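Undergrad: Residue 32 is where the sequence shown starts when you use this note's numbering, and the numbers rise one by one after that.
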Amino acid sequence: MARILILLAVVLGVFWWLRARAEARLAEHRARQAREASEHAAAGTPDVAAERMVQCAQCGVHLPQGDAIAWRGLHYCRRSHLPDESRTDGSNGSGDGSSGPRP
Ligand SMILES: [Zn+2]
32 MARILILLAV VLGVFWWLRA RAEARLAEHR ARQAREASEH AAAGTPDVAA
82 ERMVQCAQCG VHLPQGDAIA WRGLHYCRRS HLPDESRTDG SNGSGDGSSG
132 PRP
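1) On the DSSP letters alone, give me the boundaries of the alpha helix (DSSP H) that residue 81 sits inside.
2) With distance defined between alpha-carbon atoms, name the residue in 90, 103, 43, 116 nearest to residue 109.
3) Ends of the alpha helix (DSSP H) at residue 57?
4) Mind checking whether the beta-carbon of residue 96 lies closer than 7 Å to any heavy atom of ligand 1?
5) Applying the criterion that 16 or more other CB atoms from any shown protein chain within 10 Å of the CB defines a buried residue, is residue 122 buried or exposed?
6) From the DSSP output, read off the bridge partner residues of residue 95.
7) Can you give me the start and stop residues for the beta strand (DSSP E) that residue 106 sits inside?
8) For residue 124, collect the residues of the same chain with a Cβ closer than 6 Å to its Cβ; drop the 5 residues on either side in sequence, then sort them by chain order.
9) Expressed to the nearest angstrom, what Euclidean distance is found between the alpha-carbon atoms of residue 40 and residue 57?
Spelled out as structure tokens, the structure:
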């Protein structure tokens, strides 16, 4: 009977030790995440994961807005997906206010 109690105590001890270790790791992970988030906020750099996603008007693929080509209120993933009229536009500024196709 005493053996069973000792075994039970050992199992409980190991269980408690593993749980304490997991909690310590979780706390460390959360602290690191909070520190990185505050560094992002302090540096003023936008979080990459928070960047707005847009859809290509030609093929429908989703991509970050920073990588997309904006033209007349629509977004495109590459220059070849821009409509034909965008390439035949005059090069001396159409002046529609949008950022237009990149060179
Ligand atoms: Zn596309």
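All C-beta atoms in this analysis are idealised placements derived from N, C-alpha and C, irrespective of residue type, glycine included.
Values in this document were obtained by computation on a predicted structure and should not be read as measured data.
TA: The answer reads as follows:
1) Careful: residue 81 lies outside any alpha helix (DSSP H) and carries neither H nor E.
2) Minimum Cα distance to residue 109 is reached at 90.
3) Note, residue 57: alpha helix (DSSP H), 33-74.
4) Outside the cutoff, so no.
5) Residue confidence for residue 122 is low, a pLDDT of 49 falling below 50, so the modelled location carries little weight; the figure read from the coordinates is stated next. Classification for residue 122: exposed.
6) In the DSSP output, where bridge partners are listed per residue, residue 95 has 84.
7) It spans 105-107 - the beta strand (DSSP E) in which residue 106 sits, taken as one unbroken run.
8) Note that residue 124 scores a pLDDT of 45, beneath 50, so its modelled location is shaky; the value from the coordinates is reported in the next line. Close CB contacts of residue 124 within its chain, under the 6 Å cut and outside five residues either way in sequence, are absent.
9) Cα-Cα distance, rounded: 26 Å.
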